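Each protein sequence line maps, in turn, to chains P and H.
Read left to right, the first sequence gives residues 42 to 186 (the numbering used here).
Read left to right, the second sequence gives residues 42 to 186 (the numbering used here).
We put the CB at the ideal spot given by N, CA and C, even for glycine.
Quick caveat, the model's predicted, so the values are computed rather than measured.
Scroll down for the structure; my scribbles are underneath it.
Number of protein chains: 2
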Amino acid sequence: MNKFMKAAFNEAKKGLEEGGIPIGSVLVYKGKIIGKGRNRRVQKGSAILHSEMDALENAGRLSGTIYRESVLYTTLSPCSMCSGAILLYKIPKVIIGENKNFTGEEELLRSKGVIVEILHDPSSIEIMLNFIKKNPDLWNEDICI
Amino acid sequence: MNKFMKAAFNEAKKGLEEGGIPIGSVLVYKGKIIGKGRNRRVQKGSAILHSEMDALENAGRLSGTIYRESVLYTTLSPCSMCSGAILLYKIPKVIIGENKNFTGEEELLRSKGVIVEILHDPSSIEIMLNFIKKNPDLWNEDICI
Chain P
42 MNKFMKAAFN EAKKGLEEGG IPIGSVLVYK GKIIGKGRNR RVQKGSAILH
92 SEMDALENAG RLSGTIYRES VLYTTLSPCS MCSGAILLYK IPKVIIGENK
142 NFTGEEELLR SKGVIVEILH DPSSIEIMLN FIKKNPDLWN EDICI
Chain H
42 MNKFMKAAFN EAKKGLEEGG IPIGSVLVYK GKIIGKGRNR RVQKGSAILH
92 SEMDALENAG RLSGTIYRES VLYTTLSPCS MCSGAILLYK IPKVIIGENK
142 NFTGEEELLR SKGVIVEILH DPSSIEIMLN FIKKNPDLWN EDICI
């Protein structure tokens with residue numbers, strides 16, 4: 042696994058250990074991780090801390106020039122909220138672990154010029170598949186279905 | 042001014058008093074405010090707490106049935122991140138104070154079936170106009186331009 046996707050996956054695993062939804066993300070600038078995050082719905086009682094949002098929050102306030110040269114790695118395809126944040130900050134590239142368990146707004150991102158790559162990573166698929174099987178209500182709450 | 046927009050505007054004023062960006066929002070369910078928020082970029086060093094996101098976060102974890110009968114009031118037109126959150130939670134109606142100082146993803150929202158109303162509220166216009174004149178760099182950071 043690519044080292045940055047591995048870091049995102051490690052965040053997902055940490056989330057699972059905490060009793061949370063196992064999705065992780067990292068924001069990478071010039072080959073260095075500047076923000077790590079994981080879904081914190083359970084851990085923080087949060088409605089907005091999807092892993093991508095958590096990574097952006099943990100990266101802190103940054104100038105637009107940083108975002109515009111960054112890459113976001115995330116274990117699961119980003120939902121409309123997280124895709125909107127990617128568009129707000131004009132992050133040009135998103136690497137996605139998997140989109141089998143959930144397919145977010147990849148087409149919207151591509152239509153706005155964002156490069157979107159799907160890795161079809163077996164570990165990312167497995168961790169979510171197992172989680173959704175065991176926690177369907179929690180997962181449905183997270184994506185509001 | 043409508044009482045819910047007034048509550049959103051009061052959040053914007055609180056934000057200004059705190060040295061923050063004066064944008065406020067409230068989430069309303071069956072005629073009652075269930076979440077209030079204001080932009081907290083400055084106050085919390087946050088990259089994700091736009092006022093709409095802050096209102097959603099302060100409303101806490103909710104079931105989809107609540108969101109689907111709620112109305113979001115916000116003093117300024119919602120950016121792509123906040124519009125994405127509105128779409129994630131399937132909030133059916135958004136009442137916007139003004140879109141003169143910034144026009145967000147109103148068309149995207151409408152294209153997905155969200156009812157979007159613009160009040161062209163003079164107080165909401167004025168507070169942002171004055172803020173942007175005095176703090177152009179901070180405002181540009183918030184919308185990443």
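- Message: Less than 8 Å between the C-beta atoms of I168 (chain P) and L97 (chain P), yes or no?
- Response: no
- Task: Could you tell me which chain H residues have their CB closer than 8 Å to the CB of I186 (chain P), listed as they occur along the chain?
- Result: In chain order: G105.
- Task: Kindly confirm or deny that the region 50–64 of chain H and the region 82–100 of chain H touch, where touching means at least three C-beta pairs closer than 8 Å.
- Result: yes
- Rounded to the nearest angstrom, how far is the Cβ of L129 (chain H) from that of S121 (chain P), given a contact under 8 Å? 5 Å
- Message: Please tell me whether G154 (chain H) has its Cβ less than 8 Å away from any Cβ of chain P.
- Response: no
- Taking S187 (chain P) as the query, report the chain H residues whose CB atoms sit under 7 Å from its CB, ordered along the chain. Given that chain P is displayed from residue 42 to residue 186, the structure contains no residue 187 (chain P) and the question cannot be resolved.
- Item | Opposing strand residues paired with S66 (chain H) [DSSP bridges] | Looking at the DSSP output, S66 (chain H) bridges to H:G78, H:T115.
- Message: Closest to K123 (chain H) by C-alpha separation, out of H:I186, H:N176, H:T144, H:K174, would be which residue?
- Response: Before going further, note that residue 123 (chain H) is Cys rather than Lys in the sequence given. Nearest C-alpha to C123 (chain H): H:T144.
- Message: I want to verify the contact list: residues of chain P whose CB lies under 7 Å from the CB of Y108 (chain H), in sequence order.
- Response: C185
- Could you confirm whether any beta carbon from chain H is found closer than 8 Å to the beta carbon of G61 (chain P)? No, G61 (chain P) lies away from the interface with chain H (no Cβ there is under 8 Å from its Cβ).
- Message: Could you tell me which whole beta strand (DSSP E) segments of length 3 or greater appear in the region 135–163 of chain P?
- Response: 156–159
- Helix, strand or coil: how does DSSP classify K73 (chain H) here? strand
- Message: Does any residue of chain P have a CB that is nearer than 8 Å to the CB of K54 (chain H)?
- Response: K54 (chain H) has a beta carbon lying at 8 Å or more from every beta carbon in chain P.
- Query: What three-state label does DSSP hand C123 (chain P) in the structure shown?
  - Reply: helix
- Report back the beta-carbon spacing between I137 (chain P) and T106 (chain P) to the nearest angstrom; my notes put them in contact at under 8 Å. Not quite, the Cβ-Cβ distance comes to about 24 Å (not below 8 Å), so this is no contact.
- Item | Interface residues of chain H facing E98 (chain P) [CB-CB closer than 7 Å] | S87, A88, I89
- Query: Do A100 (chain H) and A126 (chain P) have their CB atoms nearer than 8 Å?
  - Reply: no
- Task: Whole angstroms is fine: what's the gap from M46 (chain P)'s alpha carbon to V135 (chain H)'s?
- Result: Rounded to the nearest whole angstrom, the CA to CA distance from M46 (chain P) to V135 (chain H) is 36 Å.
- Message: When you compare the CB positions of K77 (chain H) and V69 (chain H), do they come within less than 8 Å of one another, or not?
- Response: no
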